[in-house]
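Add 191 to the 1-based position in the sequence shown for the working numbering, that's all there is to it.
In this text, a Cβ means the ideal position worked out from N, Cα and C, and glycines have one as well.
The structure presented is a predicted model; accordingly, all values stated were derived computationally and were not measured.
This report refers to the structure that appears directly beneath it.
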Amino acid sequence: MNEKQRTLLSKFLALLLRHRADTYGLSLDPEGYVPLTDLLTTINRERGWEWVQVEHINEIITTQQKRRYEIIDEDIRAVYGHSLAAEVRYPQIAPPTVLFHGTARRFVDAIRREGLKPMRRQYVHLTDDPDLAALTGRRRDPHPAILQLDAARAHADEHVFFGADKGVFLMKSVPPDYILPELYEEANNGL
């Protein structure tokens, strides 16, 4: 599979597993899983996708920088990023002291006023890794702002955190009082 096919298949998987499962006749369980055989049948029914096999899906999973999908037993799901009507459930988890969120610099003032909202997704995505936050923020800005969240205080104030993947934390929303005043790069001398 070449790079273009890999990118297109990854985007199609996102559409199927994060956003439009029902449109394509897929039924996700409460944790967002669908049998891999059902997914493959659905993909192969679509014109131009007849060539896709299980090993191509495995290649997507193993070669992506951010872990977007996971297979457990014979089921697959998108790890996070859902905009489906049915809510995907994740286990509650205690966060580290500080979490990070990468965003376009043009959104920082609004976020400081209004907090972080899930927008068209089910959850706000946070990470314990500032480099991963920067990678995420670069989707909308080549020089993103890395917001710091006082996760320990938010957790102590009984805000709920969910674990989506190693180093990825989810919240329904983040009130502005938990966003620290300094951006990560300011607090770390521009690093």
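Please check the pair Leu217 and Thr233, which I expect to be a contact at CB under 8 Å, by giving their CB distance rounded to whole angstroms. 6 Å
Between which two residues does the alpha helix (DSSP H) harbouring Ala336 extend? Unbroken run through Ala336 is the beta strand (DSSP E), 336-341; no alpha helix (DSSP H).
Distance check for Glu222 and Leu382, CA to CA, integer angstroms please. Its pLDDT being 48, under 50, Leu382 is placed unreliably by the model, and the measurement read from it follows with that caveat. Straight-line Cα distance between these residues: approximately 37 Å.
Nearest by alpha-carbon distance to Thr228: which of Thr214, Glu246, Arg238, Arg211 is it? Glu246
Taking the alpha carbon of Leu323 as the point to measure from, which residue in Glu349, Arg312, Leu290 has its own alpha carbon closest? Leu290
So, Pro367 versus Arg268, is the Cβ gap smaller than 7 Å? no
Helix, strand or coil, according to DSSP, for His350 in the structure here? coil
For Gly306, report the span of its beta strand (DSSP E) as first-last. Here Gly306 belongs to no beta strand (DSSP E), and DSSP marks it neither H nor E.
Per DSSP, what kind of secondary structure is Pro321 in: helix, strand or coil? helix
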